[in-house]
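Engineer: Chains as they are written, first to last, in the working numbering: chain A, 2 to 268; chain B, 2 to 268.
Quick reminder that beta carbons are idealized off the backbone N, C-alpha and C, glycines included.
No experiment lies behind these values; they were computed from the predicted model shown.
So, in structure tokens, the structure goes:
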């Protein structure tokens with residue numbers, strides 16, 4: 002059943018077979034299978050994860066290409082509930098190993114938050130990653146394009162960049178290498194470091210050889226309308242034209258809540 | 002584009018980047034990605050593969066639980082065509098290695114068949130497996146229940162067998178071990194060998210210990226209506242009651258068409 006701050010007390014005394022941290026594709030698939038095996042499980046989803054941002058799932062087998070990630074997620078949540086899983090909107094803060102079970106502390110509610118603790122025999126850590134986006138004063142300006150014409154995955158969305166004027170946004174020099182793969186889809190590539198890193202003479206030479214301009218001035222804002230990118234304005238007032246882009250600034254694992262488990266090894 | 006016996010000549014002279022044998026979940030996913038990378042590919046689907054038989058896809062993330070496998074397959078085919086793949090209904094008969102490319106011979110049409118040969122740089126072998134079903138004089142009687150209440154995958158469909166009177170159909174003794182896993186879902190299990198194998202005294206003792214009857218008389222026909230199993234009639238005229246079943250007779254790889262490739266190793 003769907004839990005919330007009003008009814009979750011009914012579930013803090015039971016011992017779940019598994020608690021699933023993360024209600025994206027991985028966590029919900031796990032919950033569907035667990036529930037169909039008759040195992041009592043609780044999915045905890047913080048909202049606005051990576052699949053939430055996908056505006057059109059072009060590659061997902063059997064689903065119309067225009068279906069957004071959030072639709073799949075909603076379907077998956079309904080399926081998990083239908084088969085008997087519990088589902089809670091909340092943020093997993095901490096996991097403690099009590100030897101015969103795990104205690105999972107969850108923050109529920111952004112304001113007047115409560116912090117219930119759930120018990121489970123197992124934890125499925127399906128909290129995934131989040132892509133690093135360029136930090137601008139006005140982040141809404143980034144969200145207006147990210148997931149629409151400003152992509153984070155070349156495998157998923159390279160197709161939508163065919164022969165377009167593209168920007169590649171990086172924050173470390175090795176990330177510039179993506180330009181020489183993105184060239185499969187378009188020859189018009191401008192690399193932006195957003196003022197985040199130095200670029201070696203070797204890389205500068207390689208970019209020049211390929212004819213890919215390098216701009217190191219920080220981005221001020223993205224230009225365009227209706228989620229359609231048309232250009233970039235920099236902090237020095239200069240602008241360039243572009244109709245698409247790839248953000249390749251790396252990603253962060255959501256795994257802070259596992260730091261309290263002493264047996265885990267970290268890279 | 003969709004190829005058929007009338008228009009396929011337009012494609013027998015080109016060199017595909019990849020030819021995909023099999024238009025199920027694997028083959029169509031491959032085709033969708035290949036096409037979105039701008040690679041020219043041809044999917045060849047014989048029809049009536051394993052996913053075609055799935056009447057309700059209970060576990061597939063993001064798709065309503067009642068959607069049948071064939072609906073997913075139709076969606077996938079339309080997506081692959083949409084992104085630029087070619088698609089042909091036919092049966093891959095043989096693949097020959099011409100060192101710089103592969104030649105793929107296809108049987109098209111059940112009557113007045115033609116045998117076009119397509120050329121590809123790569124072959125994606127996505128022809129999967131087919132479950133072995135019990136052979137009865139009237140196979141339609143098997144098809145009336147298989148995929149509905151007579152299942153082939155415990156992981157997918159064990160849920161639909163909870164506490165029901167179940168039959169487990171095997172053709173080799175080791176396949177009987179599935180009974181001791183199926184017991185997760187129901188304690189009412191009758192094992193049928195359909196007269197296909199001997200059963201050792203050890204296994205007989207184990208079944209007896211668990212209280213699972215063993216019937217070695219061949220099956221004459223399945224009883225029931227509207228795809229709902231109600232029992233089994235045996236060749237000696239006896240009958241038993243059951244409302245569900247698991248066919249665990251193994252499966253066959255569709256890979257005969259690769260026998261002409263000398264580099265492959267076979268188990």
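What would DSSP say about residue 87 of chain A, mapped onto helix, strand or coil?
Structural biologist: Reduced to three states, the DSSP call for residue 87 of chain A is strand.
Engineer: Using a Cβ-Cβ distance cut-off of 8 Å, determine whether residue 34 of chain B contacts chain A.
Structural biologist: Answer yes: the Cβ-Cβ gap between residue 34 of chain B and chain A drops below 8 Å somewhere.
Engineer: Ends of the beta strand (DSSP E) at residue 20 of chain B?
Structural biologist: Note, residue 20 of chain B: beta strand (DSSP E), 16–22.
Engineer: CB residue 120 of chain B to CB residue 102 of chain B, shorter than 8 Å?
Structural biologist: Cβ distance < 8 Å, so residue 120 of chain B and residue 102 of chain B count as in contact.
Engineer: So if DSSP puts residue 125 of chain A in a beta bridge, which residue, or which two residues, is it bridged to?
Structural biologist: Paired residue(s): A/21.
Engineer: Could you tell me which uninterrupted alpha helix (DSSP H) segments, each at least 4 residues in length, are contained entirely in the segment 119–177 of chain B, listed from first to last along the chain?
Structural biologist: With a minimum length of 4 residues, the continuous alpha helix (DSSP H) runs that stay inside the segment 119–177 of chain B are 140–144, 155–158.
Engineer: For the segment 129–138 of chain A against the segment 247–256 of chain A, do three or more pairs of beta-carbon atoms, one drawn from each stretch, fall closer than 8 Å, so that the two count as touching?
Structural biologist: The segment 129–138 of chain A is in contact with the segment 247–256 of chain A.
Engineer: Rounded to a whole number of angstroms, what is the C-alpha to C-alpha distance between residue 91 of chain A and residue 222 of chain B?
Structural biologist: Distance between the alpha carbons of residue 91 of chain A and residue 222 of chain B: 53 Å.
Engineer: Measure the Cβ-Cβ separation of residue 60 of chain B and residue 205 of chain A and say whether it is below 8 Å.
Structural biologist: Against a cut-off of 8 Å, the Cβ pair of residue 205 of chain A and residue 60 of chain B comes out as no contact.
Engineer: Rounded to whole angstroms, what's the CA-CA distance from residue 197 of chain A to residue 219 of chain A? Just pull it up for me.
Structural biologist: When rounded, the distance between both Cα atoms is 8 Å.
Engineer: When Cβ atoms are compared, which residues of the segment 38–62 of chain B fall closer than 9 Å to chain A?
Structural biologist: The residues in question are 38, 39, 58, 59, 60, 61, 62.
Engineer: Can you check DSSP and say which residues form a bridge with residue 186 of chain B?
Structural biologist: Beta-bridge pairing links residue 186 of chain B to no other residue.
Engineer: Which parts of the segment 197–258 of chain B are runs of the alpha helix (DSSP H), unbroken and 4 residues or longer, counting only runs that do not cross its ends?
Structural biologist: Entirely contained in the segment 197–258 of chain B, the alpha helix (DSSP H) runs reaching 4 residues are, in chain order, 202–211.
Engineer: For a test of the three-state rule: what should DSSP assign to residue 46 of chain B, helix, strand or coil?
Structural biologist: Residue state, collapsed to three classes: strand.
Engineer: Would you give the residue range spanned by the alpha helix (DSSP H) that residue 32 of chain B belongs to?
Structural biologist: Where residue 32 of chain B is concerned, the enclosing alpha helix (DSSP H) stretches over 26–37.
Engineer: Compare the beta carbon distance of residue 1 of chain A and residue 105 of chain A with 8 Å and say whether it is the shorter of the two.
Structural biologist: The first residue shown for chain A is 2 and the last is 268, placing residue 1 of chain A beyond what the model contains.
Engineer: So which residues of chain A does residue 160 of chain B contact, with C-beta pairs closer than 9 Å?
Structural biologist: Going along chain A in sequence order, the residues near residue 160 of chain B (Cβ under 9 Å) are 36, 37, 38, 39, 84.
Engineer: In terms of residues, what are the limits of the beta strand (DSSP E) holding residue 64 of chain A?
Structural biologist: Run containing residue 64 of chain A: none; DSSP gives neither H nor E here.
Engineer: State the CB to CB distance for the pair residue 167 of chain B and residue 183 of chain B, rounded to an integer number of angstroms; the pair is presumed to be in contact (CB under 8 Å).
Structural biologist: The pair is a contact, with the Cβ atoms about 7 Å apart (cut-off 8 Å).
Engineer: What in chain B is Cβ-close to residue 26 of chain A, meaning under 7 Å?
Structural biologist: The answer, in chain order, is 62.
Engineer: Give the secondary structure of residue 72 of chain B by DSSP, where H, G and I count as helix, E and B as strand, and everything else as coil.
Structural biologist: Three-state result, residue 72 of chain B: helix.
Engineer: Would you mind giving the Cβ-Cβ distance between residue 180 of chain B and residue 155 of chain B, rounded to the nearest angstrom? I have them listed as a contact below 8 Å.
Structural biologist: That pair is no contact at about 11 Å.
Engineer: Pull up the DSSP beta-bridge partners for residue 92 of chain A, would you.
Structural biologist: Answer is A/108.
Engineer: Is residue 115 of chain B buried or exposed, if buried means 16 or more other CB atoms sit within 10 Å of its CB?
Structural biologist: Residue 115 of chain B should be labelled exposed.
Engineer: Which residue comes first and which comes last in the alpha helix (DSSP H) that contains residue 51 of chain B?
Structural biologist: Where residue 51 of chain B is concerned, the enclosing alpha helix (DSSP H) stretches over 51–54.
Engineer: Using 8 Å as the limit for Cβ to Cβ distance, is residue 77 of chain A near chain B?
Structural biologist: Closer than 8 Å: yes.
Engineer: Using the DSSP secondary-structure output, state which residues sit across from residue 115 of chain B in a beta bridge.
Structural biologist: B/109.
Engineer: Cα separation between residue 40 of chain B and residue 81 of chain B?
Structural biologist: If you take the alpha carbons of residue 40 of chain B and residue 81 of chain B, they lie about 12 Å apart.
Engineer: My understanding is that residue 137 of chain B touches residue 248 of chain B, with C-beta atoms under 8 Å, so please give their C-beta distance in whole angstroms.
Structural biologist: At roughly 12 Å, the Cβ-Cβ gap does not stay under 8 Å, so residue 137 of chain B and residue 248 of chain B are not in contact.
Engineer: Exposed or buried, residue 164 of chain B, counting other C-beta atoms within 10 Å across all chains shown (16 or more means buried)?
Structural biologist: Exposed.
Engineer: Report the rounded CA-to-CA distance for residue 100 of chain A versus residue 125 of chain A, giving the unit in angstroms.
Structural biologist: Approximately 17 Å between the Cα atoms of the pair.
Engineer: On the three-state DSSP scale, how would you describe residue 103 of chain A?
Structural biologist: Here residue 103 of chain A sits in strand by DSSP.
Engineer: So residue 73 of chain A contacts chain B; which residues on that side make the cut at Cβ distance below 8 Å?
Structural biologist: In chain order: 62, 63.
Engineer: Taking the Cβ atom as the reference point for each residue, do residue 332 of chain B and residue 57 of chain B lie within a distance shorter than 8 Å?
Structural biologist: The question about residue 332 of chain B has no answer here: the residues shown for chain B are numbered 2 through 268.
Engineer: Could you tell me whether any Cβ in chain B is nearer than 8 Å to the Cβ of residue 29 of chain A?
Structural biologist: Residue 29 of chain A counts as touching chain B.
Engineer: Closer than 8 Å, CB to CB, is residue 66 of chain B near chain A or not?
Structural biologist: It does; some Cβ of chain A falls within 8 Å.
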